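Number of protein chains: 2
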Amino acid sequence: MAESNALPIVVLAEQFARLPGIGMKTAQRLAYYVTSMKQEDVEAFSEALLNAKSKVRCCSVCQNLTDKEICPICDDVKRDRTVICVVEGPKDVTAIERTGEYKGMYHVLHGLISPIDGITPDKLRIKQLLARIQSDTGISEVIMATNPTVEGDATAMYISRLLKPVGIKVTRLAFGLPVGGILEYADEITLFKAIENRNEI
Amino acid sequence: MAESNALPIVVLAEQFARLPGIGMKTAQRLAYYVTSMKQEDVEAFSEALLNAKSKVRCCSVCQNLTDKEICPICDDVKRDRTVICVVEGPKDVTAIERTGEYKGMYHVLHGLISPIDGITPDKLRIKQLLARIQSDTGISEVIMATNPTVEGDATAMYISRLLKPVGIKVTRLAFGLPVGGILEYADEITLFKAIENRNEI
Numbered sequence: 004m005a006e007s008n009a010l011p012i013v014v015l016a017e018q019f020a021r022l023p024g025i026g027m028k029t030a031q032r033l034a035y036y037v038t039s040m041k042q043e044d045v046e047a048f049s050e051a052l053l054n055a056k057s058k059v060r061c062c063s064v065c066q067n068l069t070d071k072e073i074c075p076i077c078d079d080v081k082r083d084r085t086v087i088c089v090v091e092g093p094k095d096v097t098a099i100e101r102t103g104e105y106k107g108m109y110h111v112l113h114g115l116i117s118p119i120d121g122i123t124p125d126k127l128r129i130k131q132l133l134a135r136i137q138s139d140t141g142i143s144e145v146i147m148a149t150n151p152t153v154e155g156d157a158t159a160m161y162i163s164r165l166l167k168p169v170g171i172k173v174t175r176l177a178f179g180l181p182v183g184g185i186l187e188y189a190d191e192i193t194l195f196k197a198i199e200n201r202n203e204i
Numbered sequence: 004m005a006e007s008n009a010l011p012i013v014v015l016a017e018q019f020a021r022l023p024g025i026g027m028k029t030a031q032r033l034a035y036y037v038t039s040m041k042q043e044d045v046e047a048f049s050e051a052l053l054n055a056k057s058k059v060r061c062c063s064v065c066q067n068l069t070d071k072e073i074c075p076i077c078d079d080v081k082r083d084r085t086v087i088c089v090v091e092g093p094k095d096v097t098a099i100e101r102t103g104e105y106k107g108m109y110h111v112l113h114g115l116i117s118p119i120d121g122i123t124p125d126k127l128r129i130k131q132l133l134a135r136i137q138s139d140t141g142i143s144e145v146i147m148a149t150n151p152t153v154e155g156d157a158t159a160m161y162i163s164r165l166l167k168p169v170g171i172k173v174t175r176l177a178f179g180l181p182v183g184g185i186l187e188y189a190d191e192i193t194l195f196k197a198i199e200n201r202n203e204i
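Chains A and B are the protein sequences, given in the same order.
Under the working numbering, the residues of the first sequence are numbered 4 to 204, in order.
Under the working numbering, the residues of the second sequence are numbered 4 to 204, in order.
In structure tokens:
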């Protein structure tokens, strides 16, 4: 590595450019911006990076990222412990929490089944989900909230087959037109799903 | 600050969101990405941030950002010391260096004159430019390479008036159609400049 000889600002730009979605031009702009930040702000940023890596671990119940043994959602006695919403990643938990409507529990798989990318079911947190359901008889429904993609559908199908023998209700998020969307811009599959899943009004 | 109670990942997302051009969604995505990075990569990133702030200072000659007393360009004996290209910021030096055509020196103003924003000439590195020109009789030309904006033009005009009595040739970057640009999409002022500055072929 010739990095030790490179300018600190170039080294920082290269670090920014390694992040997803940040190109070299943006990375340079950010690196220059850092030189104009206050010393204590840069220190806070630097420490936040280290903390996010070192202090973050998976909740022993739902596998979501947290800095405690059990995450705040699993620890919240006011939440409905009879429903588990299964999602691909921590970002999906944040997205669903943002709706403010869901009051149940979560289970984070940390990926979706994708044999092409070498992601087999044993690489995901499916074991932990099964163990959770087997040890807690109060769970009555598992909502499969994986993405409406090939991998998301396959994962939902795989898990629902595993859970059938246990006798638990497995549901899937509804597919249809996005609210505020325009019918003529909807793709064929979405529109077909919207017709298929039509509701009486 | 309630930050000490916040999740490390939320704290990091907030840090990313303080950077220019990074919204909260992107910041969250980046924060989650950091948790998936290797420990040593996060440490390198964290250190690069601190280094960029603490080790970077202004070159005592051209005022460009560097980690040494004199920057590599000012220190390069092969460069043409008779020409100084005056730019707004370090990014402009990088942009001009990228062309590979310019072999002279630089002077970085660290801003443009903008009385509305409280940026008066004394806040810029204009003193240092004058001192440089007065102490070095070998300088024959100063190229004003500030942006073609109101502030850029005003700064170029201000400096050129300061330098006139010294008897140094002051030039300004050419304005015209961007290479590869389409004539009908050029704005009126650019097109007018392109006609005004037309060259015989």
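For glycine and all other residues, C-beta sits at the position ideal for the given N, C-alpha and C.
Bear in mind that the values here come from a model prediction, so they are computed numbers and not experimental data.
Item checked: Straight-line Cα distance separating isoleucine 171 of chain A from isoleucine 25 of chain B -> Position 22 of the second sequence, counted from the start, is the residue given in the question as residue 25 of chain B. Position 168 of the first sequence, counted from the start, is the residue given in the question as residue 171 of chain A. In a straight line, the C-alpha of isoleucine 25 of chain B is about 43 Å away from that of isoleucine 171 of chain A.
Next item on the list: Could you round the C-beta distance between isoleucine 73 of chain A and cysteine 88 of chain A to whole angstroms and report it? I think they count as a contact, below 8 Å.
Entry: Mapped onto the first sequence, residue 73 of chain A falls at position 70. Mapped onto the first sequence, residue 88 of chain A falls at position 85. Not really, about 17 Å apart at Cβ, beyond 8 Å.
Item checked: Amino acids of chain A, ordered along the chain, whose beta-carbon sits closer than 7 Å to that of phenylalanine 48 of chain B -> Translated into positions along the second sequence, residue 48 of chain B becomes position 45. Below the 7 Å Cβ cutoff, chain A contributes Gln18, Leu52 as neighbours of phenylalanine 48 of chain B, in chain order.
Margin query: With a threshold of 8 Å between beta-carbons, can alanine 5 of chain B be considered close to chain A, or not?
Written below: Counting from one through the second sequence, the residue named residue 5 of chain B turns up at place 2. Caution is warranted here: a pLDDT of 40 is assigned to alanine 5 of chain B, below 50, making its placement in the model unreliable, and no coordinate value can be reported.
Next item on the list: Please name the residue, chosen from A:Pro11, A:Ala157, A:Val59, that lies closest to threonine 38 of chain B on a Cα-to-Cα basis.
Entry: To locate residue 38 of chain B, count along the second sequence from 1; it is residue 35. With distances taken between CA atoms, threonine 38 of chain B lies nearest to A:Val59 out of A:Pro11, A:Ala157, A:Val59.
Check: Out of curiosity, what's the CA-to-CA distance linking serine 43 of chain B and valine 14 of chain A?
Finding: As a working mapping, residue 43 of chain B is identified with position 40 in the second sequence. As a working mapping, residue 14 of chain A is identified with position 11 in the first sequence. It is worth fixing the name first, because residue 43 of chain B is glutamate in this sequence and not serine. The straight-line gap separating the alpha-carbon atoms of glutamate 43 of chain B and valine 14 of chain A is approximately 15 Å.
Item checked: DSSP three-state assignment for methionine 27 of chain B, whether helix, strand or coil -> Here residue 27 of chain B refers to the residue found at position 24 of the second sequence. Methionine 27 of chain B: helix per DSSP, three-state reduction.
Notebook entry, point to check: Which of the three DSSP states, helix, strand or coil, is assigned to methionine 4 of chain B?
Noted result: Looking up residue 4 of chain B in the second sequence gives position 1. Only weak support is given to the placement of methionine 4 of chain B: the predicted model assigns it a pLDDT of 38, under 50, and the question is left unresolved by the model.
Note to self: Three or more C-beta pairs under 8 Å: does that hold for the region 79 to 98 of chain A against the region 113 to 132 of chain A?
What the structure shows: The region 79 to 98 of chain A vs the region 113 to 132 of chain A: in contact.
Next item on the list: Name the two residues that bound the continuous alpha helix (DSSP H) containing lysine 172 of chain A.
Entry: Position 169 of the first sequence, counting from 1, holds the residue named residue 172 of chain A. Under the DSSP assignment, lysine 172 of chain A falls outside any alpha helix (DSSP H), being part of the beta strand (DSSP E) whose first and last residues are 172 to 175.
Check: Exposed or buried, what is isoleucine 142 of chain A when buried is set at 16 or more other beta-carbons lying within 10 Å of its beta-carbon?
Finding: Against the first sequence, residue 142 of chain A aligns to sequence position 139. Here isoleucine 142 of chain A is buried, its C-beta having at least 16 other C-beta atoms within 10 Å.
Item checked: Nearest-angstrom beta carbon gap, aspartate 83 of chain B and glycine 107 of chain B [assumed within contact, 8 Å] -> Position 104 of the second sequence holds residue 107 of chain B. Position 80 of the second sequence holds residue 83 of chain B. Confirmed, Cβ separation roughly 4 Å.
Next item on the list: Inspect the beta-carbon positions of methionine 147 of chain A and alanine 159 of chain A and report whether they are closer than 8 Å.
Entry: Within the first sequence, residue 147 of chain A is the residue found at index 144, counting from 1. Within the first sequence, residue 159 of chain A is the residue found at index 156, counting from 1. In this structure, methionine 147 of chain A lies near alanine 159 of chain A, with their beta-carbon atoms less than 8 Å apart.
Notebook entry, point to check: Can you list, in chain order, the residues of its chain whose CB lies under 8 Å from that of methionine 4 of chain B, leaving out five sequence neighbours each side?
Noted result: For the purposes of this step, residue 4 of chain B is taken as the residue at position 1 of the second sequence. The predicted model places methionine 4 of chain B with a pLDDT of 38, which falls under 50 and marks its position as unreliable; any figure quoted below should be read in that light. Non-local beta-carbon contacts of methionine 4 of chain B in its own chain, meaning distances under 8 Å to residues more than five positions away in sequence, are absent.
Check: Can you list, in chain order, the residues of the region 27 to 43 of chain B whose Cβ is nearer than 8 Å to any Cβ on chain A?
Finding: Within the region 27 to 43 of chain B, Thr29, Gln31, Arg32, Leu33, Ala34, Tyr35, Tyr36, Val37, Thr38, Met40, Gln42 place their CB atoms closer than 8 Å to a CB of chain A, listed in sequence order.
Note to self: Using beta carbons (cut-off 8 Å, strictly below), is threonine 205 of chain B in contact with chain A?
What the structure shows: Nothing in the structure corresponds to residue 205 of chain B, since chain B is present only between 4 and 204.
Note to self: Please state the DSSP three-state secondary structure of glutamate 46 of chain A.
What the structure shows: Reading the first sequence from its first residue, position 43 is the one you call residue 46 of chain A. Glutamate 46 of chain A falls in the helix class under three-state DSSP.
Notebook entry, point to check: Relative to the alpha-carbon of isoleucine 136 of chain A, which residue among A:Thr123, A:Asp125, A:Ser117, A:Lys167 has its alpha-carbon at the smallest distance?
Noted result: On the first sequence, residue 136 of chain A is found 133 positions in, with the first residue counted as 1. Out of A:Thr123, A:Asp125, A:Ser117, A:Lys167, A:Lys167 has the C-alpha closest to the C-alpha of isoleucine 136 of chain A.
Next item on the list: With 8 Å as the limit, tell me which residues of the region 52 to 73 of chain B have their beta carbon closer than that to any beta carbon of chain A; keep them in chain order.
Entry: Within the region 52 to 73 of chain B, those residues whose Cβ lies closer than 8 Å to any Cβ of chain A are, in chain order, Leu52, Leu53, Asn54, Ala55, Lys56, Ser57, Lys58, Val59, Leu68, Thr69, Asp70.
Next item on the list: Label valine 1 of chain B either buried or exposed according to how many other C-beta atoms from any shown protein chain fall within 10 Å of its C-beta, with 16 as the threshold for buried.
Entry: Lying before the first or after the last residue shown, residue 1 of chain B is absent from chain B, which here runs from 4 to 204.
Check: Comparing the C-beta of lysine 94 of chain A with each C-beta of chain B, is any distance below 8 Å?
Finding: As a position in the first sequence, residue 94 of chain A is number 91, starting the count at 1. Chain B places a beta carbon closer than 8 Å to that of lysine 94 of chain A, counting this residue as a contact.
Margin query: Quick check on DSSP: helix, strand or coil for methionine 108 of chain B?
Written below: Against the second sequence, residue 108 of chain B aligns to sequence position 105. Note: methionine 108 of chain B maps to strand in three-state DSSP.
Checklist line | Three-state secondary structure assigned by DSSP to threonine 149 of chain B | finding: In the second sequence, the residue the question calls residue 149 of chain B occupies position 146. In this structure, threonine 149 of chain B counts as coil in the three-state DSSP scheme.
Checklist line | Same chain, Cβ closer than 6 Å to serine 7 of chain A, five either side skipped, listed in chain order | finding: Translated into the one-based positions of the first sequence, residue 7 of chain A becomes position 4. Interpretation of serine 7 of chain A is limited by its pLDDT of 47, a score under 50 that renders its predicted location unreliable; the figure taken from the coordinates is listed afterwards. Counting only Cβ-Cβ distances below 6 Å, and skipping sequence neighbours, we find nothing.
Note to self: Within 10 Å of its beta-carbon, does threonine 149 of chain A have 16 or more other beta-carbons around it, so buried, or fewer, so exposed?
What the structure shows: Along the first sequence, one-based indexing puts residue 149 of chain A at 146. Buried, because 16 or more other Cβ atoms sit within 10 Å of the Cβ of threonine 149 of chain A.
Check: What three-state label does DSSP hand serine 117 of chain A in the structure shown?
Finding: Sequence index remark: in the first sequence, residue 117 of chain A carries index 114 (1-based). Reduced to three states, the DSSP call for serine 117 of chain A is strand.
Item checked: chain B contacts made by the region 118 to 139 of chain A, where a contact means CB separation under 8 Å -> For the region 118 to 139 of chain A, there are no residues whose beta carbon sits under 8 Å from a beta carbon of chain B.
Next item on the list: Closer than 8 Å, Cβ to Cβ, to anything on chain B: give me those residues from the region 143 to 158 of chain A, in chain order.
Entry: None of the residues of the region 143 to 158 of chain A has a beta carbon lying less than 8 Å from any beta carbon of chain B.
Note to self: Just checking: is the beta-carbon of leucine 22 of chain A within a distance shorter than 8 Å of some beta-carbon in chain B?
What the structure shows: Position 19 of the first sequence, counted from the start, is the residue given in the question as residue 22 of chain A. At a cut-off of 8 Å, the C-beta of leucine 22 of chain A has a neighbouring C-beta in chain B.
Next item on the list: Please list the residues of the region 174 to 185 of chain B that have a C-beta atom closer than 9 Å to any C-beta atom in chain A, keeping them in chain order.
Entry: Against chain A - using a Cβ distance shorter than 9 Å - the region 174 to 185 of chain B contributes no residues.
Note to self: On a Cα-Cα basis, can you pick out the residue from A:Val45, A:Ala51, A:Tyr35 that is closest to leucine 33 of chain B?
What the structure shows: Walking along the second sequence from the start, residue 33 of chain B turns up at place 30. When each option's Cα is compared against that of leucine 33 of chain B, the closest is A:Ala51.
Notebook entry, point to check: Is the distance from the Cβ of alanine 16 of chain A to the Cβ of glutamine 31 of chain A below 8 Å?
Noted result: Numbered from its first residue, the first sequence carries residue 16 of chain A at position 13. Numbered from its first residue, the first sequence carries residue 31 of chain A at position 28. Taking 8 Å as the Cβ cut-off, alanine 16 of chain A and glutamine 31 of chain A qualify as a contacting pair.
Note to self: For a cutoff of 8 Å on Cβ pairs, would you count isoleucine 87 of chain B as touching chain A?
What the structure shows: For the purposes of this step, residue 87 of chain B is taken as residue 84 along the second sequence, with counting starting at 1. So no, isoleucine 87 of chain B is outside the interface.
Notebook entry, point to check: In or out: isoleucine 119 of chain A buried (at least 16 other Cβ within 10 Å) or exposed?
Noted result: Counting from 1 along the first sequence, the entry for residue 119 of chain A is found at position 116. Exposed is the call here.
Notebook entry, point to check: Is any beta-carbon of chain A found at less than 8 Å from that of glutamate 10 of chain B?
Noted result: Position 7 of the second sequence holds residue 10 of chain B. Here the sequence assigns leucine to residue 10 of chain B, which means glutamate is not the residue at that position. Output row for leucine 10 of chain B: interface = yes.
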